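*Asks:*
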């Protein structure tokens, strides 16, 4: 692709502004660990919300969603439940409040407040640090693959060499540019630059939608949609059939293993409940929550993230997919094995006019830099604060720890990029992170909230079993399906098979958690009572409540379980309406769009009274 002079000027101007802003803000982050990792708990909740949503609006995820929507149609709106995206609703409704009440610096620091600082607590603390680093490296590898694939398909220069492919070289260059301001500026730079990047993304979304729908003949478009493509509600079988016109798309559906759609949705719901109750993995989402000034502001920033993320994200996804239908389809049909993950980059590079293309490129580049900087800011917090400072150098100056954070960030980035060099695709990384890695995390982290008897030894055992299972179970499943269950493989493919891996990993981790807990002493009574009175979780805490009542007769336990579950259900409907509503409107299904709009408004009104108006009371 030959970029126009205007496109190049827009991209270079964006890079200069974003790097300059990051360095200018970075002076505020150099005081101490609190300012570097949490912005001194002085950043307003709505700026954190914009930052959080910008960090989730990543180019890898956008490319993945475009591929899903192109192949699966409106039913693709359910497939983000693989993560699941509605874990954000659980965080919004109650988990953000519970997490922020701790006044911890990181997720691992929070674990000490739950289990204490004895041997069992330190074992739990160490395994969280290890998991945090593994997950951050995995996510860096994921965004590395995404930005490399995107850049190599849109930029005209061939930078391949004897060591690296063109895709890998582009990814490294963009990573280095992002690293410059992220490592230097900490949370202040991350939030400031991500708010600016969010603004660029919104402008990009609007321009792409206007270009996509301008002059479109919707009747003609609807006639050429594959059979079942415009059906939204889940059925037991997927029932999306491209026919003989594009058999490669049917092959993609079979390969992904999403044909038995009803079974897939049920398994995603089961997985989603456990993954969501476990809370956010130790990473950038957790750091935003801990950065909030007050517990109720942590809840509001999580709700605001949902509000400002999904409508613009899926506006852009829908518009790019529609352009692909109208312009890029003949090219794909001529390929024997098309790569659907490059639809995004091909559409941007070949079918957008100069100027708009430059702004969209800057916006998608911004989405990568936002996500990448968010992960990079989270990782050193765990190694420096929770490992180096706690166990080796507890009495150094604040500047010493900030400098250590610079070195740690660069090291983690290098390892994550190395991991990305050997990743096969976005789909494989997405399924591994969302199923295997989350399966190893879920069991122990659900129990830590709801069961008073759960101790640090059980947490350590469950997390170790989960990490080991996440490493070996997926490989074992592939070997078994190839060797003994070829019929199963043909029926279900990799999609449901990956979810089955999640549940196997969950069972192994849960068993290790419970056994490790029951064969070791119960947690320290003082630690339990302090955690319970501070965090106020609901669940199986009756013995601890009785201990608290002995010294604080006026203490009232958390009785919000029914309210929380109601708000979770309403919140999931609210979020789903924000996902599908822009898809309906952009593709010209206006009546469906207004139905989704009605659901969105209704859910907003309900949440106003059942969640928002009660926040300061429930978060007190």
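In our numbering, the protein residues as written are 73 to 692. Beta carbons: idealized from backbone N, C-alpha and C, even for Gly. Since this is a predicted model, take the numbers as computed values, not measurements.
For a test of the three-state rule: what should DSSP assign to residue 680, helix, strand or coil?
*Replies:* Looking at residue 680 - three-state DSSP - the assignment turns out to be helix.
*Asks:* Which whole-angstrom value describes the C-beta separation of residue 384 and residue 277, a residue pair presumed to lie in contact below a C-beta threshold of 8 Å?
*Replies:* Their Cβ separation, rounded to whole angstroms, is 5 Å, which keeps residue 384 and residue 277 in contact under 8 Å.
*Asks:* Straight-line CA distance for residue 164 to residue 637?
*Replies:* In a straight line, the C-alpha of residue 164 is about 12 Å away from that of residue 637.
*Asks:* Give the secondary structure of residue 166 by DSSP, where H, G and I count as helix, E and B as strand, and everything else as coil.
*Replies:* In the structure shown, residue 166 sits in a helix (DSSP, three-state: H, G or I).
*Asks:* Three or more beta-carbon pairs under 8 Å between the region 116 to 125 and the region 366 to 380, yes or no?
*Replies:* yes
*Asks:* With burial defined as no fewer than 16 other Cβ atoms inside 10 Å of the residue's Cβ, what is the status of residue 213: buried or exposed?
*Replies:* buried
*Asks:* Pull the bridge partners of residue 523 from the DSSP assignment, please.
*Replies:* 612
*Asks:* Over what stretch of residues does the alpha helix (DSSP H) that includes residue 646 continue unbroken?
*Replies:* 633 to 658
*Asks:* If you compare alpha carbons, which of 456, 481, 483 is closest to residue 470?
*Replies:* 456
*Asks:* If residue 390 and residue 154 are in contact, beta carbons under 8 Å, what's the gap, nearest whole angstrom?
*Replies:* At roughly 19 Å, the Cβ-Cβ gap does not stay under 8 Å, so residue 390 and residue 154 are not in contact.
*Asks:* Determine contact between the region 176 to 196 and the region 616 to 628, defined as no fewer than three beta-carbon pairs at a distance below 8 Å.
*Replies:* no
*Asks:* Ignore the nearest five residues each way along the sequence and tell me which others in residue 405's own chain have a CB closer than 6 Å to its CB.
*Replies:* 318
*Asks:* Tell me where the alpha helix (DSSP H) around residue 388 begins and ends.
*Replies:* For residue 388, the enclosing alpha helix (DSSP H) begins and ends at 367 to 395.
*Asks:* Are three or more beta carbon pairs between the region 199 to 215 and the region 613 to 627 nearer than 8 Å?
*Replies:* Taking 8 Å as the limit for Cβ pairs, the verdict is that the region 613 to 627 does not touch the region 199 to 215.
*Asks:* Who are the near neighbours of residue 559 in its chain, counting only those whose CB is closer than 8 Å to its CB and skipping five residues on each side?
*Replies:* At residue 559, the pLDDT of 48 sits below 50, so the modelled position is not reliable; the number obtained from the coordinates is stated separately. So the list is empty, once near-sequence residues are dropped.
*Asks:* Taking the beta carbon of residue 225 as the centre, do at least 16 other beta carbons fall within 10 Å, making it buried, or is it exposed?
*Replies:* buried
*Asks:* Could you check whether the region 531 to 546 touches the region 509 to 523, counting it as contact only if at least three pairs of C-beta atoms, one from each stretch, sit closer than 8 Å?
*Replies:* yes
*Asks:* My guess is that residue 423 and residue 272 are in contact by the Cβ rule of under 8 Å, so how many angstroms apart are they, rounded?
*Replies:* At roughly 20 Å, the Cβ-Cβ gap does not stay under 8 Å, so residue 423 and residue 272 are not in contact.
*Asks:* Is it a yes or a no for the region 145 to 152 touching the region 299 to 310, going by three-plus beta-carbon pairs under 8 Å?
*Replies:* yes
*Asks:* DSSP three-state call for residue 685: helix, strand or coil?
*Replies:* Correct three-state label for residue 685: helix.
*Asks:* Hey, out of 115, 465, 217, whose CA is closest to residue 364's CA?
*Replies:* 115
*Asks:* Have a look at residue 239 and residue 667 and give me their C-alpha separation to the nearest angstrom.
*Replies:* 42 Å
*Asks:* Report the partner residues of residue 517 according to the DSSP bridge assignment.
*Replies:* In DSSP, residue 517 forms no bridge with anything.
*Asks:* What number of angstroms, rounded off, separates the C-alpha of residue 71 from the C-alpha of residue 420?
*Replies:* As displayed, the chain neither begins before 73 nor continues past 692, which places residue 71 out of reach and without an answer.
*Asks:* Taking a contact to mean a Cβ-Cβ separation below 8 Å, would you say residue 476 touches residue 525 in this structure?
*Replies:* no
*Asks:* State the Cα-Cα distance for the pair residue 690 and residue 409, rounded to the nearest angstrom.
*Replies:* 54 Å
*Asks:* What is the DSSP secondary structure of residue 91, reduced to helix, strand or coil?
*Replies:* helix
*Asks:* Determine the direct distance from the alpha carbon of residue 289 to that of residue 429, and round the result to whole angstroms.
*Replies:* 23 Å
*Asks:* Find the nearest neighbour of residue 369 within the set 583, 173, 324, judged by alpha-carbon distance.
*Replies:* It is 173 whose Cα lies nearest to the Cα of residue 369.
*Asks:* Going by DSSP, what residue range makes up the alpha helix (DSSP H) through residue 349?
*Replies:* Per DSSP, residue 349 belongs to the alpha helix (DSSP H) from 333 to 349.
*Asks:* Among 646, 83, 93, 138, whose alpha-carbon lies nearest the alpha-carbon of residue 387?
*Replies:* 138
*Asks:* Go to residue 327, then tell me how far its alpha helix (DSSP H) extends in each direction, as first and last residue.
*Replies:* 319 to 328
*Asks:* Does DSSP classify residue 467 as helix, strand or coil?
*Replies:* In the three-state DSSP reduction, residue 467 falls in the coil class, being neither helix nor strand.
*Asks:* Let me make sure I understand the geometry here. Which of 400, 250, 223 has the alpha-carbon closest to that of residue 284?
*Replies:* 400
*Asks:* Where do the N-terminal and C-terminal ends of the alpha helix (DSSP H) with residue 224 fall, by residue?
*Replies:* Per DSSP, the unbroken alpha helix (DSSP H) holding residue 224 starts and ends at 191 to 226.
*Asks:* Could you check whether residue 644 and residue 345 sit closer than 8 Å to each other, using their CB atoms as the reference points?
*Replies:* no
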